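If you read the sequence shown in numbering that gives the first Met the number 0, its first letter stands for residue 0, the second for the next number, and so on.
We put the CB at the ideal spot given by N, CA and C, even for glycine.
As the structure is a prediction and not an experimental result, all values here were calculated from the model.
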Amino acid sequence: MGGRSGFAFVGRGDQLRALVRALAVGPAVVLVEGEAGAGKSRLVEEARAQVEGSGVPVLQGWCHPLREPLPFGPVIDALRDGRSWLAPEAHVGPEAAALLPYLPEIADRLTPPRPDGPGWSDDVRSADHGGLDPASVRRGVVEVLERAGDVVLVVEDVHWVDEATRELLLLLARTPPPGLRLVLTYRGQELPGEGNVLGVAYQRPVGVNGAEIVLPPLDEAQVRELATSVIGSAAAGVLGGQLFERSGGLPLAAEEDLLVLAGRLERATADARDDGAGTALALLRESGVPRALREAVGSRVAELGSAGVAVVQAAAVLEVPAAEELLAVLAGLGEEEAEAGLTAALEASVLRESSPARYGFRHALACRAAYETIMAPRRRRLHRRAVETLQKQEPAPLVQIAHHTRLLGDAEAWIPRALAAADQAEAVGDDGVAADLLRQLLDEPALPPEERTRAALTLSHIALSRIEYAASVAAVRRIITDPALPAPTRGEIRLNLAWITSNQGEEGGALEVERAAGELGSRPDLAATAMASLGLGVLAFGTPVAQDLAWMDRAVSTVAGSEDEVARTNVLGSRISLLEHIGDPLARDLIMQLPYDSSDQEVLRQCAVGLHNAADGSFWLGHDRRAGVLLDQAEELARATGHQYLEASCASIRLQLDFADGRWAGLDERIAALAPEATERSTLQVEPLMARSLMDVARGQWPRAREGLTAIVGHTSRRGPIQWLLTATAALGRIGLAGGDPQAAWDRVQPALVVLRRKGVWVWTTDLVPTSVQAALGCGLREEAERLTDQAERGIEGRDAPGAAAEVLWCRALLAADTDPGRAVDLLERASGQFRAIGRVHRAARITEQAGRLLMDTSPSRAARHLQQALDAYTSLGATSDQSHCEQVLRDAGGQRSAHRDRHSYGQQLSPRERQVAQLLASGATNRDIATALALSVRTAEHHVARILKKLHTTRNRVKDAL
């Protein structure tokens with residue numbers, strides 16, 4: 000791992016202990032985050048020494064910013080030294096056959112594949128790089144790691160990882176072999192998309208050990224300690240402050256300064272060495288403030304001698320670790336000269352052996368610094384020589400060749416090479432490399448029109464399934480205005496853009512899709528997919544369901560004679576989604592027609608989309624178990640086909656499903672992982688915000704709930720999906736009702752009721768209709784409540800919508816409460832039973848509580864049973880506010896006393912009730928909010944707040960930090 004000789008390991012003791020502890024027992028997953036130069040590799044190196052000392056082998060691979068599109072490359076590199084850690088008897092079975100072309104070093108441990116075996120295509124038989132079967136290689140890697148037993152796999156610089164390797168790492172992290180310890184290092188600020196190191200939010204499964212380690216900058220004392228280990232205490236005492244100021248606490252920056260200082264002090268006169276501090280201070284000032292990294296690297300490179308400089312320059316131009324032979328050719332050196340130069344560079348820690356017989360810089364910053372020391376004519380010569388040399392390799396590293404050609408400024412030569420590299424990257428599934436190259440091509444004015452059209456179209460397809468879409472969308476939007484672009488191509492690109500931007504919550508998507516449908520007259524397959532997309536307007540505003548169905552019928556008719564399986568699957572999936580969302584039982588039959596057995600990746604992606612949308616529709620209907628099954632299938636297909644956005648969306652829907660079904664344990668952490676505090680833009684942010692806000696309502700954290708729900712209403716009021724608007728509005732109405740203000744609740748729900756009536760889809764279980772009925776009755780508007788209930792009941796006739804049917808029963812019960820309490824209780828019990836059958840614990844408890852309240856005057860014992868049942872559910876969920884109100888009613892009914900009335904002395908510790916108050920206080924609640932949420936008097940709430948602030952020795956504004 001190339002540690003630096005002489006540098007003390009400082010400021011990372013806690014992180015090292017955490018890492019070693021996490022690696023003690025497998026399986027384990029450890030994430031190590033830090034900026035460039037923070038010391039991630041050094042930390043892993045220190046841990047490696049301890050781990051290997053205990054007999055556990057450590058395998059290591061690196062990701063690189065400039066890479067060839069070989070998926071799984073970092074992991075395969077880590078496995079190459081298998082003979083040193085695979086026991087002779089650990090013969091790997093046929094699952095690993097696909098690894099044979101890539102790991103000849105351990106070929107004797109791999110069972111040779113059958114000619115017709117998995118992953119062994121005709122292309123692989125001919126040793127063609129493009130014959131890689133990602134699924135077979137994934138299985139092979141897992142097989143090797145399972146047979147290895149106890150082993151640590153380190154993959155460094157995961158912010159540069161290719162998509163296929165990221166999927167493999169996610170698989171290993173979610174279901175690690177029993178003995179595997181997986182360590183991933185990365186720069187958090189350089190992660191793509193939503194900033195998830197594994198592409199999607201990740202939590203270690205139960206039973207998997209691990210840690211999440213973040214490396215902060217060193218403080219001044221630690222920088223001084225680092226300096227002492229290199230230049231002595233006298234010089235370090237004088238320079239510590241300046242070294243800290245210049246480095247900002249970044250170990251790498253401080254080390255670069257110290258390397259320069261140590262080398263110059265070594266050659267200083269005896270008198271100067273006697274005054275080491277003064278000499279060091281003078282030398283440090285000479286290097287300038289602030290110091291650029293290239294100056295430190297340049298100083299060390301300049302002292303290497305001509306052969307060493309030539310080797311370093313060659314490595315800087317190549318950017319990726321390279322063999323000695325390649326460095327020698329680029330440097331123009333003979334074998335012995337190259338060896339001497341490379342040795343000098345290694346001894347000076349300018350270069351390192353990053354993997355067996357491959358040499359490069361320790362970090363990208365040093366590489367760039369060395370590159371900038373090369374004069375322009377020399378750079379051009381080296382890049383030209385790199386192109387000539389790399390073209391002779393087999394297979395040719397097309398991405399590197401294109402990179403060097405571009406830096407030569409030869410657009411005519413670069414364009415075909417970049418196109419070839421992009422094609423290769425797309426062919427092997429490395430969409431990240433392909434997208435980067437295509438964006439570069441689209442920025443090139445000399446790109447021929449036909450190639451520009453093809454590049455834009457390809458890029459729009461890639462962006463459709465990637466989370467980090469923004470850069471690609473911007474590039475494609477510039478192209479779509481080109482009047483020379485053929486209409487069908489413009490229509491296809493426009494369609495992709497509309498889908499992308501709609502997924503991200505941007506406006507105008509439907510109009511763009513309709514424009515695309517008009518431009519696609521000569522492409523019935525794509526025109527049909529555009530029409531099907533318009534048919535999914537069931538989730539948006541402004542179009543009645545009849546119009547949505549009409550668009551879908553047109554799509555089905557248009558695609559009927561098409562031989563394009565992708566288009567047919569797209570339309571089928573869209574039709575399933577529409578029918579499922581409106582509660583048409585035909586959707587279930589159509590799901591069985593999806594071509595799950597297709598070998599076409601794009602067809603399978605369309606299947607995944609259809610299943611995802613059907614899962615979402617099933618959830619809103621109240622078919623939660625079916626939604627869970629469909630979601631599992633969609634997630635599996637999305638992962639297998641590399642559909643990043645869909646996989647992340649599945650995780651967001653699962654949050655909603657788990658909240659509705661009462662699986663609240665760990666939900667806060669999952670929400671925080673999936674959605675930062677941002678409350679707008681992407682659906683991937685809004686859906687987790689919805690789950691958090693609904694939990695806040697149940698817990699009485701109403702200020703934060705109002706903020707989140709109001710943001711959701713604002714986000715969806717024009718763009719949809721409608722269900723979010725209806726659900727968020729209903730929750731805001733519930734807060735008003737809980738606060739004793741039915742008029743505020745009634746006013747709040749009016750805009751959403753207008754949208755619901757205009758759309759005419761009453762099958763969704765959003766809580767809006769029961770909340771509106773309660774608000775209307777609280778305002779004395781019985782006729783409004785009856786009219787709304789009648790509309791809802793008629794709206795679900797003939798539809799398969801168990802959740803909405805239960806809500807209608809609930810509404811009928813509310814209407815009967817004044818005139819026929821017995822019938823009302825019967826209806827409430829039926830509604831609660833239906834919600835329990837669906838799996839919605841919290842909703843069932845709320846209805847059961849209402850039944851208990853109705854029975855208090857006529858049957859106290861029966862009332863107490865209902866209230867106790869609701870209370871048990873609230874308590875198990877942690878629905879603090881609901882629990883407190885139910886406890887109050889139960890006490891009034893003569894049932895059990897609240898656990899919070901226990902007179903046990905907690906001393907300076909917070910009591911359970913005080914902890915509840917503190918949580919509400921931390922969310923921004925006022926004393927009156929706290930009193931209302933917990934069924935207390937304002938005076939009692941004030942007393943609780945005063946005691947909490949005294950116990951925590953804090954102020955009201957800092958309670959959150961003190962908890």
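Using the C-alpha atoms, what's the distance from residue j back to residue i?
i, j, result
"Leu214", "Leu15", "10 Å"
"Gln887", "Ala932", "12 Å"
"Arg822", "Val772", "17 Å"
"Thr874", "Cys366", "58 Å"
"Glu352", "Arg624", "54 Å"
"Glu513", "Gly490", "10 Å"
"Glu518", "Ser573", "21 Å"
"Ala417", "Arg587", "46 Å"
"Arg669", "Gln202", "8 Å"
"Gly582", "Gln392", "59 Å"
"Val840", "Gly699", "18 Å"
"Leu780", "Arg662", "37 Å"
"Val28", "Ala21", "8 Å"
"Leu171", "Arg378", "41 Å"
"Asn926", "Ala697", "18 Å"
"Val160", "Pro133", "15 Å"
Under DSSP, the beta strand (DSSP E) around residue i begins and ends at which residues?
i, result
"Ile795", "Taken as a continuous stretch (DSSP letters only), Ile795 belongs to no beta strand (DSSP E), as it is neither H nor E."
"Thr528", "No beta strand (DSSP E) contains Thr528, which is instead part of the alpha helix (DSSP H) from 523-534."
"Ala210", "208-213"
"Gln59", "57-61"
"Gly359", "357-360"
"Glu352", "350-354"
"Arg203", "Unbroken run through Arg203: none, as it is neither H nor E."
"Tyr185", "179-185"
"Leu152", "150-155"
Please classify residue i as buried or exposed, where buried requires at least 16 other C-beta atoms within 10 Å of its C-beta.
i, result
"Val24", "exposed"
"Gly802", "buried"
"Ala483", "exposed"
"Asp442", "exposed"
"Asp856", "exposed"
"Glu511", "buried"
"Ala327", "buried"
"Met591", "exposed"
"Asp928", "buried"
"Gly209", "buried"
"Pro769", "buried"
"Asp429", "buried"
"Glu562", "exposed"
"Pro355", "exposed"
"Met530", "buried"
"Leu755", "buried"
"Val316", "buried"
Tell me, please, whether the CB atom of residue i is closer than 8 Å to any CB atom in chain C?
i, result
"Asn495", "Of the chains in the structure shown, none is chain C; there is only one protein chain."
Which two residues bound the contiguous alpha helix (DSSP H) that contains residue i?
i, result
"Glu302", "It is not in any alpha helix (DSSP H) - Glu302 carries neither H nor E in the DSSP assignment."
"Thr164", "162-173"
"Val19", "12-21"
"Tyr873", "859-876"
"Val963", "Absent from the model: residue 963. The displayed extent of the chain is 0 to 962, so no value can be given."
"Gly52", "39-52"
"Cys606", "600-620"
"Ser135", "133-147"
"Tyr644", "643-659"
Suppose only complete runs of 4+ residues qualify. What are the alpha helix (DSSP H) ranges in the segment 537-587, listed by chain order?
Listed in chain order, they are 544-558, 564-580.
Contact between the segment 428-436 and the segment 454-461 (3+ Cβ pairs under 8 Å)
Between the segment 428-436 and the segment 454-461 there are three or more C-beta pairs closer than 8 Å, enough to call the two in contact.
If contact is defined by three or more beta carbon pairs under 8 Å, each pair taking one atom from either stretch, is the segment 329-339 in contact with the segment 405-413?
Taking one beta carbon from each stretch, the segment 405-413 and the segment 329-339 have fewer than 3 pairs nearer than 8 Å; the two do not touch.
Per the contact definition of three or more C-beta pairs closer than 8 Å, is the segment 216-228 in contact with the segment 42-52?
Put simply, the segment 42-52 does not touch the segment 216-228. Fewer than three CB pairs are less than 8 Å apart.
How about the segment 720-734 and the segment 685-705: do they share at least three Cβ pairs that are nearer than 8 Å?
Contact between the segment 720-734 and the segment 685-705 is established, with three or more Cβ pairs separated by less than 8 Å.
Note down, one range per segment and in chain order, each alpha helix (DSSP H) of at least 4 residues found wholly within the segment 708-756.
Complete alpha helix (DSSP H) runs here, min 4: 721-737.
Pairs of beta-carbons, one from the segment 548-567 and one from the segment 522-530, closer than 8 Å: are there three or more?
Touching, per the Cβ criterion.
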